[in-house]
Each structure stands twice: as structure tokens, then as C-alpha cells.
Ligand SMILES: [Mg+2]
Ligand SMILES: [Zn+2]
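Pasting the structure below:
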């Protein structure tokens, strides 16, 4: 089934879903958005907090230029319009891990406007998801509720870290599409180095807006499911929230605009209404900050500096290396993989290289549970191995063994080929001797062959290969056998 | 526009300021007095006027992305009403 | 040795440089004065030991011929400035016991040129007030009295403690902050000079915020020259404040040439307020004469939106304050009143920690920003503010400075005007427009009321044109020849 055709089957008929995502992506930067405290993950509590982050009296925000650049780069990568003037607003609410009592965010005038992300669906088709906006804002600290039975503990290390909130249009039509969108977005962010995309560490969090409707109807009222920290949870939350809404609607109920929480264990969403009740954020422009203005020439320079993005790279891989859309898609999903592949394939056959990377290498990495950055076989080493296959030094089959040895020993292909005497025998004299021996030992089979059982050629090749200890070059064996048997 | 008791309750809650019941009515009156007085701004024609966003015309200065060590945790917590093992401590948040 | 507490900063610098007296002697004389005048309640913290130590350091530097701009000059600091290790509470219970681990940029700038701190001065809580009666540390008493009366008068506010201390000779100068008139109005009420520089001229870093788009630090001194000297040290670009402006600080004292013949002074018709005492009208007219006599051109101008400035201010300032004061929640510093959950703890803490006027302004500010009211109040006010700034812009096409009274009345008795917030707000009617437009302005003591209380005249100049402002203020000062000093036991006395 194509993702486009996703339907929730209700008691009396089918429902479509419409989903929009709000993704909070932590900006890669050394220092926080409005202070100079460091951003590194996992430090001891309250050790990466400036006076500004703690909202000490009289402290003032000063924006981090690099975070602005990161937001603009992201906007450009999302093919979005960059707003040359944007404004920082205060979003006022009280929470123990929000020291100033307001979040500095962007409300009516964000730094990035409308853009788009193109999804490659499983059936090979594409869908474009609209980006509504991207804005910069500061993260809050962390409230720890399970450390003490009687109290909540507050760690402000995260407070003030720069986030990009990336809001999509409600263009997503299935949980699968939501997953593909999130992975694609993550891929783009990682390509340009603006977010590490680490969902376990909270560098990427998603809120999903879900609504259901009868096919052809207007969009229904949406509910927001907040703070989902894995692709799996995003997909599952959409599924169960859509089912909940369908059940409510089919029972004659109305969907209320509200914020809900996903309970992964129970597989349901729960209303947060009690907390929402008095929310009135009283946004207004932060008087401690002036409007942010960007130089259009600078924006263009940033555009020119962007690396090749996944879509463009995929197209190039297909055109230049003759790869299938599927293989190219797999190879460009991560910038590191694409770069590894390009290093492997440089001066070599693209399809061969793709097979080695997506097949043999990925298999090894998966077994070891590591990423390409930790690959025990460098791109250069893999390239050298492929060269030994191409020049006939090793057979394709033997090369797999060489690769496994490279993984386990870290040695290069040539050393392993020498050590294990895997060098392929291509010497005509040596092969001819083996061929003669096999023919001499099997006169009945030779007679059968010459009598028309040409399928026996495979058997002869096998015998010669066996006699060579697997080291004979199969092509040369074939040639020699043909010359002797046909002749 | 005028403020009634319920409105005072609502904005006091938004402001996180506890108010005794008998203080609500007098506060509503005081606030209404002030609001009635500021109401005269409606006489000013502001059609097409941009709101002031800063008292001075300037562009937002930007800082380099240089991280400095955070404030020493002891200094950070020195003024805290309650701290525990490097954390600020607040009454239990009821989710 | 003459009375060291009667010196101006300029005189004290000369005396110190000539070794006529030591910084230690100067400091001790002021410490003694502070101790004698505790009934004024001008100081909320005394830092005498540190002051004496700093004076000794200053003497060493002076002896080595290395005296800096304000070497050995004893000053007082409004409690709104964060001072390292010294209470910095904005005279609010909510900051009970708060002693910051940092020093505000403005005070650090003063200490960097050799000035020293005698202590922290009283103020209206979070600078919200015009009479210094909202302070959690109690009211400040103006060293002046009405002739023949003993009733204690307000010093004006919110920098009331600073103004009273300077007027009473407890320090040679003091820092103040001005959001809608909080330096200039108490300056006028106490018969001293109060100067608010252009928004962005002094860093706001480390200054406890009231209304961010309006707050500016400035000096309170006994002469215009002293104000120029103090501002020289206080002003400057600070990369820690995004609204601080990066331009050089001119030599302000050098601008005091006494020559105003090239200046055009504007007199705005709209500042002629109904019910304003005739003696203030008269003093204003006299100010016009002084400029004319000195060869300046004086022209009538119109600032049509003047009457809307005060209501605009009373939307913008509380709105910003309601947000700026959200950080006082009992979590990281200051007062906490326990509760069963954070929300209850916050509400109890803030109810107990904020005084009545602060609570009222937070509520008003919250209301004007809340859903459904933002456009009608806050947005409308910020648009009117744009128009008010434009009024000044067009006036400054023809004039170099605007002359007005500083306040529509002189100091009043503690207890007066306390019931009606709007009557109290009228204190700032002449000072607020310049605040909204971010313009530099100064109050110069220029005369006495019939019953012997000081009155100020007020000048407003173009953005960053402090040199012209000081020059014009210098003319007013010399023409007025105001040499009255307060006498705590009776009417102003001439010295
Ligand atoms: Mg959101
Ligand atoms: Zn957000």
C-alpha cells in the first residue's frame, strides 16, 4: 500500500489523517544561544550555567552569531525564504526549569519562512511536505522528578541552549510518511552540520499535530502530541491518536484543540488539559534585544557555501554511477556514508562499490553494531580490495574472506592475501598443468562432454578450482578447459 | 473594557501572585481606574504607524560562538532558598 | 580644612590632586555625615570598611601621581545596581538577602577610575514610584523642609535615597536609574542635578531591570560639571548589553564652555499643564530669559502628543515589568514562601515578596499583554510611542534642546498623594516623554518655591548629544546661581 493511501478503518468507514510536525532541533554550537556557557551533553548538574541562563537579576541576552548562521543554513537547505529582519519575542510562562519566567523565541517574525522537504516514499514515488517556518529559541532546563520523593530537582545545564523549531504544514498523510519526513529532515540537518540529530540525547524532539477527516472533507480539529523522542514513537503516537480521534468522532463526539502526551507503554495519548488551562503566553518583542537584521549578500554567500544536499547527491549518484534510486537513496541518507562511498568508488566501478558498501560493509557494521565513522575498514582499504578483484589478484569469493580478515585484523587487503596465500593463480602454465591432470584423471567425463553433455563444463571448472585450492582464476580455467576439451 | 473580579483572579493567576478574596474587588477598581485613564490613547490615530521595538535605532549585535566555563556551581546556588547536591530544589511538580 | 562634604566632585579632585586632603579624610568625612544622617533613611547598606580600604588605595595612587578620573571620590549606589558581595535588592523583600557574585558594568566602570562606594541607597521598590514611599526599606526623608514646617517631605523617586544623600552632603555623587523620570524628578525635589543619558549610553548589565526599553543609569550630583564627570566614567559600550551603543564617549566636561549663542532652545506649548503652580510657570519663563540673555535663540515649539506620553508609559513600563519580574520565583535566589507545588510556592512567594505598587503594576502589565488585549493596549501604546519619538525628531530639526519644568510641583509630604495612583503618576508627566523617546535629559536646580523648596528646570536633547545638553544645562546653572542647601531643621538656607 502506498503511504498516500493510508486510512484509519473506523467502525463505519474509512478516515484520512493529516499530520504536521513541529521539530525542535538542537543547534550545533559551542556556546548557548544568548550566553557563553558551554552546550556539551552529559555534564554534572548546574556546571554549564551562566548568570544569564540562571536569570540572575540584571543579566542580559546577547545572541550567538553562529546560531544565527546555523538557522539560516538550515533554512537554505530547506529551500526556504530567509527573513532579512526577524524579531525575538518573549513567551511568558512559569516553570521551575525556565529561570527568567519566559522563553526567548520568535513568534510573529521568525528568521526563516516557507520552505519544503521532498520525501522518497517506499513505492518509489515522491511527496513534497511544506515547511511553514523555522525559528530560533532557547531551550529550558531539566526538571528531575524521580530523584527525590518529596521534591523536584532542577538542572539548568540545558537552559539557554539554542533550538531551531521547524514547523511543517499538515501535509503528512500517514505514520510512515511522518517517519520518512523526520528521517529526511534529520539527514538534511546532519548534512549541513546544524544539528547532530541524536534523538536519544534529545537533540531532536518532535511534537505532532494530528487530525482526522472523512476522505474529501476539510481538515478536522487537531490535537498536539508533545515531546516524542524517537521516530518509532512519532509513528506510533500518530497511529494511536488518529484511532482515538476516529473513535471519538464515530461516537458523535467533537475533537477539542488540546495538547496530549504519548504513553509508549500503554500505547495511548493522554490529555494535558489540566496544565494548559491557564496558558496565555503574552508574547511581546523582547526589549533586551533589537530586531535581527541580515545582510542579503551574506545570506547568498551562505547559500553558496552549503554542501551538496541529499537530493542533489542522490541524483548525481544515479546519473554518474548508474545506481538504482534505492541504492542511491541508501547511500546518501547519511553524509558520512555518502562520503565513504564516494571515496571507495573514486576511479572504480560505481555499482561494484555500491554493492560492497551496502552489502558487505553494512553487514559487517550491523553485526558489530557500529556506525560508518567507526568502520574498521577505511574507504581507501576497501577501494584497494576492490582493485585486487578487478585486477584478478583475488576472486570475488576470496575477496569476501579477505574483507572479513580486514575487519577482524585491521590489516590491509594485500597483507592478508599474502599471509593467507589467497592470491589467485592466473599463470597459464600452472593452470594448464592442472587442466591436463583433471582431463587425464577423468576420461569418461571427457567422452561424455565431447558426446554433447556440455553442461559438464561447470563440473570440470569445479574440479580444476578444487585442485588449485580455490586459488585459480576461474576465467583462465574456463579458457584453458575450453581449449583442451573443444580442441 | 473593564476588569471584573474574575479577570483579577485570572491575571493574578497568570502573574503567580496569590490574592485574598477580599482584595479582588478593590484591585479591580484600582486597575479599572488606571485603564480608564489610559483609554485616552484611543484618541490617537495610529493608522499605519509601526510600533516602537527599541528606544534606539540600531541593529542587533552578535557574539562569537566562544564557550566560557559556566558560573561555579557553588556561586550559582549560593543564593538559592533550597539546593541539594548541585541541584536547585522546588516543591514536587504534580504532573 | 573646609567642610569636605560640601565640595563638588571637581573641587574634591583638585584638592586631592594638590594633596590638600587625603582620600581617606574625604571618605571619613562622608562616613561621619552618613552616620549623622541615618534618620533620612537614604542608605540601606553601608560599606564603610571597603570604602576606607579603597580610599587608602586611592591615596597610594594619588601619591604616586597615578590618580584616575574619580580617584578617591566617595559615591553612593542605588540599590538597583548589582554590587558584588553587597546586598542588591532593589529595595524589595523578594530579593531578601540577595548578594550577587557579580558587579554591574556601570559601577565597575566607576571603580575602574578610582571612585569608591560608601553604600547602597534607598529607592522605590524595583524603581516603581516617584516618592520613594514604595521601598521595602521604608520611605526616604527629603533633607529639605518647607519654610517654617517640620513635616517630612518625600525626596521624589525612584532614586530618592541617592538624591537625598547627594543633597544632604552624604556623598559627592550617586548613581541613579531613570525609567520615566526617576533621576530627574528626585533631582528636582532635592535641589540637585539629575541626568539621564541617551538610552544605550550606559550599560544596563547588572542593573536590576524594571522596564528594559526605558531603563537608563545616570548620575545625581550637585553640579552640572560633576554630572559630566560622573557620566564620563559610567558611560561606554558594553558587549554584554545588546542595547548598548558602540560609539566613543566624548569629554563631557569639556563641553561646558558657557557659550550658548549658537543654540536654539525650544519651548513646547504642551507642557503648560492645567493647575500647575504659577511659580513653576514663572521659573520656566525665567529659564527662557536666561537663554535669551546669553544669546541663545528661543522658539516656541509643539510636541502635540505630550499628553499621551504618561498613559503610554503606564502601559509599556508595566508590561515589560510584568515579564522582567517573572524571574523572582523563589527558586534560585531571594525570598521563598513554601507551598505544596511550585505554582502555590510561586504565588505565595510573590504575594509576600512584592509590595502593593509592584503587584499592581505586574497585574496591569499582565493584563495589557494578555490574549485579546495586546493590540488594544500594548501594541497601541508602542505605536503612540513611535509618534511621540517622531514629535521630538521633528522638533530637533529646528531646535538643539527643549526646555521644560522638571515636575509639575515641588516635593510633597510623606502621606500626600498616596491614595490615588494616577495623581502619583503625574509626578513624571514632564520627564516621561524623553524616556519614551530614549533621549538624554537633565534636571538643573533653578529656584525655590515660595515656601523654600527647590524647583528644577529640565532640558532634553538629541540622541547622544549629551555635550549640548551639558552645555545648555551649564548655562541654566550659572544663570540660576542656585546655591541653596537643605537644612534638615528648617527651610532651605543660603550658603
Ligand atoms: Mg511549538
Ligand atoms: Zn518551541
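Residue numbers (the numbering used here), protein chains in the order written: chain Y, 50 to 536; chain Z, 7 to 101; chain B, 16 to 510. The beta carbon of each residue, even a glycine, is placed where N, CA and C say it ideally should be. Given the structure is predicted, the values throughout are model-derived calculations rather than measurements.
Rounded straight-line distance, which links the Cα of residue j to that of residue i
i	j	result
residue 265 of chain B	residue 216 of chain B	11 Å
residue 513 of chain B	residue 318 of chain B	The requested residue 513 of chain B is not part of the displayed model; chain B covers only 16 to 510.
residue 313 of chain B	residue 281 of chain B	6 Å
residue 494 of chain Y	residue 530 of chain Y	13 Å
residue 259 of chain B	residue 233 of chain B	14 Å
residue 122 of chain B	residue 305 of chain B	36 Å
residue 522 of chain Y	residue 349 of chain Y	56 Å
residue 89 of chain Y	residue 262 of chain Y	44 Å
residue 325 of chain Y	residue 274 of chain Y	Bear in mind that the predicted position of residue 325 of chain Y carries a pLDDT of just 47, short of 50, making it too unreliable to give a figure here.
residue 172 of chain B	residue 231 of chain B	14 Å
residue 99 of chain B	residue 210 of chain Y	27 Å
residue 170 of chain Y	residue 341 of chain Y	38 Å
residue 251 of chain B	residue 344 of chain Y	27 Å
residue 421 of chain Y	residue 103 of chain Y	39 Å
residue 56 of chain B	residue 175 of chain B	10 Å
residue 164 of chain B	residue 465 of chain B	13 Å
residue 430 of chain B	residue 159 of chain B	16 Å
residue 510 of chain Y	residue 525 of chain Y	10 Å
Chain-ordered chain D contacts of residue i [CB-CB under 9 Å]
i	result
residue 132 of chain Y	Judged by its chain identifiers, the structure shown contains no chain D, and its protein chains are Y, Z and B.
Min CB distance residue i to chain B below 9 Å
i	result
residue 201 of chain Y	yes
residue 115 of chain Z	One cannot answer for residue 115 of chain Z here, as it falls past the ends of chain Z, which runs 7 to 101.
residue 237 of chain Y	no
residue 325 of chain Y	Bear in mind that a pLDDT of 47 at residue 325 of chain Y, under 50, signals an unreliable position, so the model cannot answer this.
residue 56 of chain Z	yes
residue 139 of chain Y	yes
Min CB distance residue i to chain Y below 9 Å
i	result
residue 64 of chain Z	yes
residue 347 of chain B	yes
residue 24 of chain Z	no
residue 106 of chain B	no
residue 97 of chain Z	yes
residue 440 of chain B	no
residue 379 of chain B	no
residue 67 of chain Z	yes
Bridge partners - residue i, DSSP secondary structure assignment
i	result
residue 217 of chain Y	Y:180
residue 135 of chain Y	Y:341
residue 202 of chain Y	Y:193 and Z:95
residue 45 of chain B	Per DSSP, none; premise fails for residue 45 of chain B.
residue 457 of chain B	B:210 and B:474
residue 73 of chain Y	Y:214 and Y:254
residue 151 of chain Y	Y:141
residue 68 of chain Z	Y:112
Below-9 Å beta-carbon distance, residue i vs any chain Z residue
i	result
residue 448 of chain B	no
residue 194 of chain Y	yes
residue 355 of chain B	yes
residue 59 of chain B	no
residue 116 of chain Y	yes
Whether residue i touches residue j by CB criterion (9 Å)
i	j	result
residue 131 of chain B	residue 38 of chain B	yes
residue 469 of chain B	residue 460 of chain B	yes
residue 368 of chain B	residue 349 of chain B	yes
residue 158 of chain Y	residue 134 of chain Y	yes
residue 436 of chain B	residue 40 of chain Z	yes
residue 205 of chain B	residue 45 of chain B	no
residue 146 of chain Y	residue 91 of chain Y	no
residue 129 of chain Y	residue 163 of chain Y	yes
residue 174 of chain Y	residue 144 of chain Y	no
residue 87 of chain Y	residue 88 of chain Z	no
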